[in-house]
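Protein chains in written order, with our numbering: chain A, 18 to 164; chain B, 18 to 164.
Just so it is clear, CB atoms sit at the ideal spot from N, CA and C, and this is done for glycine as well.
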DNA sequence: CAACCTTTGCAACCCAGTTGCACGAAATCC
DNA sequence: GGATTTCGTGCAACTGGGTTGCAAAGGTTG
């Protein structure tokens with residue numbers, strides 16, 4: 018999906034975030050990435066913006082349920098746009114992610130929803146992080162044929 | 018389960034790890050904890066052992082499939098004993114974990130196995146991290162009744 | 001016992017994430 | 001419209017988990 022500035026502004030405002038230049042930029046970068054990005058990756062993608070600003074924008078987005086974080090074990094969390102259709106509070110598109118232990122990339126398996134489990138009494142569920150790990154198709158193939 | 022030194026030594030040797038004082042200590046601490054522990058928690062639990070030594074022991078254990086790591090998003094990974102019955106390579110007891118966003122503890126839901134998903138062609142699955150998040154029973158209760 | 005390898009503690013380092021502060025821009029108030 | 005407050009940002013410094021280099025301690029082997 019192509020995100021122009023106007024679209025980004027609208028999205029920000031629908032989440033009650035005042036659209037500033039930095040915020041639009043971060044949102045666009047996230048939206049156009051096919052994979053969840055880490056703070057450092059975002060930083061590299063937008064050299065004009067300071068690391069701490071990116072961080073603060075992300076924190077803001079998180080509070081307003083515009084992005085969610087996921088831990089892939091590469092000891093830097095990654096950020097991904099929420100694609101909830103109702104726009105708020107709960108994500109309805111929580112899907113499985115795959116972390117390649119070879120190339121260290123994290124892939125969205127968008128068409129596989131996270132299977133739910135029934136927890137023991139008392140637990141109040143908010144969200145689920147489902148991270149499958151192993152080899153991505155490319156690395157698996159490369160490994161198979163010698164290297 | 019109660020772990021005495023002899024039992025620990027046997028377990029270490031069955032994983033082809035030479036039993037040293039530190040290793041036995043780390044193993045016992047992990048075994049007797051009802052919850053996965055972080056590096057820092059382990060360190061506090063065993064003040065006599067240096068941080069880096071604990072780290073190296075854990076790394077060794079990981080390589081020998083004696084422990085596995087899990088990411089709960091509290092930006093420090095936690096370590097948990099593998100309870101595989103065959104003792105090697107693949108865990109057969111991978112279960113769901115629950116991270117309480119209030120008290121920041123991670124609970125093992127040992128009787129709930131991780132549901133499997135079918136990945137697109139090409140992906141080679143090694144392991145899965147299933148982390149449910151929300152409020153643990155105690156925090157949920159406390160929140161419900163005012164505070 | 002001497003030569004060797006392994007394990008350990010200490011200190012230093014790395015790096016992601018985070019915070020304090022001060023400046024500049026934007027919104028608000030006479 | 002200008003003064004005042006609030007908000008957003010960049011810079012620099014800090015934090016804390018994780019990691020590594022090195023040298024001393026301990027154990028092993030001939």
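First and last residue of the uninterrupted beta strand (DSSP E) at residue i
i, result
"residue 146(B)", "141-152"
"residue 117(A)", "112-117"
CB of residue i within 8 Å of CB of residue j, strictly
i, j, result
"residue 146(A)", "residue 151(B)", "no"
"residue 113(B)", "residue 96(B)", "no"
"residue 44(A)", "residue 61(A)", "no"
"residue 139(A)", "residue 154(B)", "yes"
"residue 129(A)", "residue 134(B)", "yes"
"residue 208(A)", "residue 29(A)", "Residue 208(A) lies beyond the residue range present for chain A, which begins at 18 and ends at 164; the question has no answer from this structure."
"residue 88(B)", "residue 49(A)", "no"
"residue 63(A)", "residue 42(A)", "yes"
"residue 118(B)", "residue 143(A)", "yes"
"residue 156(B)", "residue 120(B)", "yes"
"residue 79(B)", "residue 86(B)", "yes"
"residue 75(B)", "residue 56(B)", "yes"
"residue 132(A)", "residue 137(B)", "no"
First and last residue of the uninterrupted alpha helix (DSSP H) at residue i
i, result
"residue 125(B)", "First-last for residue 125(B): 123-130, but that is the beta strand (DSSP E), not the alpha helix (DSSP H)."
"residue 25(B)", "22-31"
"residue 45(B)", "38-49"
"residue 77(B)", "68-80"
Beta-ladder partner(s) of residue i, from DSSP
i, result
"residue 87(B)", "95(B)"
"residue 55(A)", "95(A)"
Distance cut-off 7 Å: residue i Cβ against heavy atoms of the ligand NAD
i, result
"residue 45(B)", "The ligand NAD is not among the ligands present in this structure, which contains no ligands whatsoever."
Per-residue burial, residue i [other beta carbons within 10 Å of its own, 16 or more giving buried]
i, result
"residue 158(B)", "exposed"
"residue 149(A)", "buried"
"residue 161(A)", "exposed"
"residue 127(B)", "exposed"
"residue 23(B)", "exposed"
"residue 111(B)", "buried"
"residue 40(B)", "buried"
"residue 53(B)", "buried"
"residue 123(A)", "buried"
"residue 104(B)", "Any reading at residue 104(B) must be qualified, since the residue scores a pLDDT of 49, below 50, and its modelled position is unreliable; the value itself is stated next. Residue 104(B) comes out exposed."
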